[in-house]
Amino acid sequence: MKKSANPAKTIAIIQARRSSRRLPDKVLLDIGGKPMLQRVVERTLQATCLDEVVVATSVAPEDEAIVQLCKRLDVPVRQGSVFDVLDRYYQTALAFEAEVVVRITADCPLIDPRLIDQVVQAFFDWGRPSSPASLPDGEERENSLSLRESERRKEVISGQREVREPFWDFAANRLPPPWRRTFPIGLDVEVCTFQALERAWREATLPYHREHVMPYIYEEERSVHVSTLQSPSSIPSALPGYFRVLQIDHDPDYGFYRWTVDTPEDLRVVREIYAHFADRDSFSWLEVLEFVQRHPELTQINAAVQHKSVHDVDERISPSKRQN
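Taking my numbering, the leading residue of the sequence shown gets 103, the next gets one more, and so forth.
Here you go:
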């Protein structure tokens, strides 16, 4: 098990199942000689902010292949509900004693470990008094992060883990409309406290809340929102019963790029990207951005793909069974 210097035990949970509607078996499809799920796992493991990386799959018989892959990779795996993914996350977080949960999905093979670190860092500290007022961009951000992570690793080695609460209940670099998405689709990182996840698990009843895990936390009627493009002085006071939500935004806006894998067209784009990088796993999202900007024809391959709404739920199961 990894050990980060975060002030709370931070677990990344990668949700994965084989029964995709638009691209069946996608999490096991080959990308540069490895199954897509393996690409996601190996890139997530490069993040320095995580204490553990766990795959959460379902109890469906076809998902036994995911269990076997995880065993070969020596990655912890836990099985749970097929459609109630919120319950699957909660039970996994409970079993691994997570204090902070990082949500990653198995259809994002370009997920950037540096970005995971940045979102988790912001979750703990952005806007906190005496913390940096904003996140630096690009190379400057990565250099400053490397320095901070170096100091955190020293704390781990010395056995000193600073004790402090996260400053936010939830943070993400993507949210559905009416909020903006400023990072490419497929770099999605969501972070929440175990307490926020547990409250959602106890209170959420709508099918899309249960299937998509986090909407109950960040929806407007239960939360106050701040963007990292705003001044920390705009942070509202804590309101009883409301979640404090931080959105990590990027300027300029690259939210029109589609780097996730949900269709054959998406798969073609990602395979082209991995081929360019000689199928290695160490490239950053900024390197991918530079590549696709030099080859705009790539973005046309999946430009017509409609991104799924957070309100979409799997129609293959009846409403009475959607939480099972």
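Just so you know, even glycine gets a beta-carbon here, dropped at the ideal spot from N, CA and C.
Since this is a predicted model, take the numbers as computed values, not measurements.
Pick from the options that is closest to residue i, judged by C-alpha positions
i	options	result
valine 156	Gln117, Asp271, Asp127, Ile319	Gln117
glutamate 305	Gly343, Ala162, Met138	Gly343
leucine 217	Lys173, Arg180, Glu292	Glu292
serine 106	Asp219, Met138, Arg119	Asp219
leucine 139	Tyr318, Asp165, Ile337	Asp165
asparagine 353	Glu267, Asn275, Leu125	The sequence shown places aspartate at residue 353, rather than the asparagine named in the question. Answer by Cα proximity: Asn275.
isoleucine 113	Asp271, Thr159, Ile206	Ile206
leucine 299	Gly135, Arg190, Val177, Pro366	Arg190
serine 336	Trp228, Val222, Ala195	Trp228
phenylalanine 226	Asp383, Ile350, Phe379, Gly357	Ile350
tryptophan 270	Glu313, Ile319, Trp281, Thr194	Ile319
arginine 230	Val142, Asp132, Pro338, Cys172	Pro338
Where residue i falls: helix, strand or coil (DSSP)
i	result
threonine 365	coil
threonine 284	coil
proline 398	coil
glutamine 297	helix
alanine 197	helix
valine 371	helix
arginine 124	coil
glutamine 181	strand
glutamine 148	coil
asparagine 245	Note that asparagine 245 scores a pLDDT of 43, beneath 50, so its modelled location is shaky and nothing firm can be said.
glutamate 267	coil
valine 407	coil
isoleucine 133	strand
alanine 380	coil
Through-space distance from residue j to residue i, alpha-carbon basis
i	j	result
leucine 212	leucine 289	7 Å
threonine 284	glutamine 395	16 Å
threonine 295	leucine 331	23 Å
isoleucine 168	arginine 119	7 Å
serine 482	lysine 136	Only positions 103 to 426 of the chain appear in this structure, which leaves residue 482 out of reach.
proline 317	glutamine 402	30 Å
arginine 180	arginine 141	19 Å
Nonlocal neighbours in the same chain, by C-beta distance under 8 Å from residue i, ignoring five residues either side
i	result
serine 122	Lys128, Val129, Asp209, Asp364
arginine 360	Pro286, Ile287, Gly288, Asp368, Val371, Thr401, Asn404, Ala405, Val407, His409
Same chain only: Cβ atoms within 7 Å of residue i, ignoring 5 sequence neighbours per side
i	result
tryptophan 303	Leu188, Asp189, Tyr192
alanine 273	Val221, Ala224, Phe225, Val293, Leu348, Ile350
leucine 147	Val155
valine 177	Val143, Val155, Val157
Close Cβ partners of residue i (< 6 Å) along its chain, the five nearest in sequence each way excluded
i	result
glycine 184	As written in the sequence, residue 184 is valine, which differs from the glycine given in the question. Closer than 6 Å at Cβ, skipping near neighbours: Ser160, Ala162.
Inset, instruction - Mind listing, in chain order, the continuous beta strand (DSSP E) runs of no fewer than 3 residues lying wholly within the region 312-353? - result: 325-329, 345-349
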